[in-house]
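Visitor: Have a look at this one.
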Amino acid sequence: MDMKKRIAIDMDEVMADTGVRLMDLCNEFCNEEEPLTVTTLRGKRLAEIRPAFAEAIHTHLADTQFFRDLPVIEDSQRVIRKLHRHYDIFIATAAMEVPASFTAKYEWLEEHFPFLAKKNYVFCGDKSIIRADYLIDDNPRQLRSFQGEGLLYDAPHNDIETEFPRMNSWEDVERYFFE
Ligand SMILES: [Mg+2]
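Under our numbering, residues 44 to 222 are what the sequence shown spells out, in order.
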């Protein structure tokens, strides 16, 4: 039997633009003269450079709607659809960190990635339980405990990480698997 290889894909900051949404909310909240941009946020964590907003982050994440309306990261739908034809795709999200997010995440996946089977959604905590050939994630900690090949999806907070191949965009992922 022809066994397809498995790719596990993280949601936040890989498929869903959680980081940019929080940055926008932070700019609204702090109302600073120089709002943060993706460039000024580079290499930093939001809660560290805008400590006044740190508490509000948790409030937003605990909002059951927060994850429902997140923008889809550019090219992720197109590239995941293409990968889906050649690999078994599993969506592995550490949803346990934010229990209020379950329903919103489920509906978000259903809406934006309708071609993925729901049995391939994996809401987990520690991704070391995931048995796949690849994991695409912005969190180096999850990649380190993962047993297969880890691919780091670029995010401002993982700027200094050099341990894993860095995917700067979904076009990079496409090149990685198809070239
Ligand atoms: Mg993530």
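Quick reminder that beta carbons are idealized off the backbone N, C-alpha and C, glycines included.
Quick caveat, the model's predicted, so the values are computed rather than measured.
Under three-state DSSP, which class holds I123?
Guide: helix
Visitor: If you measure from the CB of D53, is any heavy atom of ligand 1 nearer than 7 Å?
Guide: yes
Visitor: Ends of the alpha helix (DSSP H) at E91?
Guide: Its alpha helix (DSSP H) spans residues L89 to I92.
Visitor: If you reduce the DSSP assignment to three classes, tell me which class F220 lands in.
Guide: helix
Visitor: Quick check: the Cα distance between N201 and M46, rounded to an integer number of angstroms?
Guide: 33 Å
Visitor: Nearest CA to the CA of R209: which residue from Q185, D180, S188 and R187?
Guide: Out of Q185, D180, S188 and R187, the CA that lies nearest to the CA of R209 is found in D180.
Visitor: Could you check how far apart the C-beta atoms of L159 and H127 are, in whole angstroms? I think they sit under 8 Å.
Guide: 7 Å
Visitor: Pull up the CB-CB distance for A175 and R85, whole angstroms please, since I reckon it's below 8 Å.
Guide: Contact between A175 and R85 is absent: CB atoms are separated by about 29 Å, not below the 8 Å threshold.
Visitor: Please identify the residue among E214, F133, Y177 and L79 whose C-alpha is closest to the C-alpha of I116.
Guide: E214
Visitor: My assumption, with CB atoms under 8 Å, is that I123 sits in contact with N163. Please give the rounded CB distance.
Guide: Wrong, their Cβ atoms sit about 11 Å apart, outside the cutoff.
Visitor: Are L79 and H103 touching if we call contact CB-CB under 8 Å?
Guide: no
Visitor: Ligand 1 and N182: does any heavy atom of the ligand fall closer than 7 Å to the residue's C-beta?
Guide: yes
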